[in-house]
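Enquirer: Sharing a structure, written as structure tokens. Questions coming.
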């Protein structure tokens, strides 16, 4: 039983990138599917496929280097971080994204600002 499945997903992606793997599989959940969808829409991964029990994420490389330079979990089980629509941070001066859990589902930081919705700041990716 995992305490923080989102942190586990981010760690698996980070480790697979360091080992230069082409794909990584993570246990399936609706929240992880939504994160994979955001990563694909923002161009951080090539594709993802959902199976019965797992999600396979095809990692993306540019000239032999991982497209994802860093992943950071912000909200943790012991300390939740909530932000309002005007307080959503810019990641790496706009070069990265943050993912929020809002009342409208999981949203990328810019989309949450456009929708004028705050929520729980899950992670930052750059």
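In my numbering, the protein residues as written are 6 to 131.
Even glycine gets a Cβ: it sits at the ideal position worked out from N, Cα and C.
Given the structure is predicted, the values throughout are model-derived calculations rather than measurements.
What is the rounded straight-line gap between the Cα of residue 64 and the Cα of residue 127?
Expert: C-alpha separation (whole angstroms): 21 Å.
Enquirer: Contact check, residue 130 vs residue 49 under 8 Å by CB: the rounded distance?
Expert: 6 Å between Cβ atoms; contact.
Enquirer: Can you list, in chain order, the residues of its chain whose CB lies under 6 Å from that of residue 112, leaving out five sequence neighbours each side?
Expert: The residues are 105.
Enquirer: Which two residues bound the contiguous beta strand (DSSP E) that contains residue 121?
Expert: Unbroken run through residue 121: none, as it is neither H nor E.
Enquirer: Identify every residue that forms a DSSP beta bridge with residue 78.
Expert: Answer is 128, bridged to residue 78.
Enquirer: Could you tell me the distance, in whole angstroms, from the CA atom of residue 8 to the CA atom of residue 82?
Expert: Cα to Cα, the separation comes out at about 8 Å.
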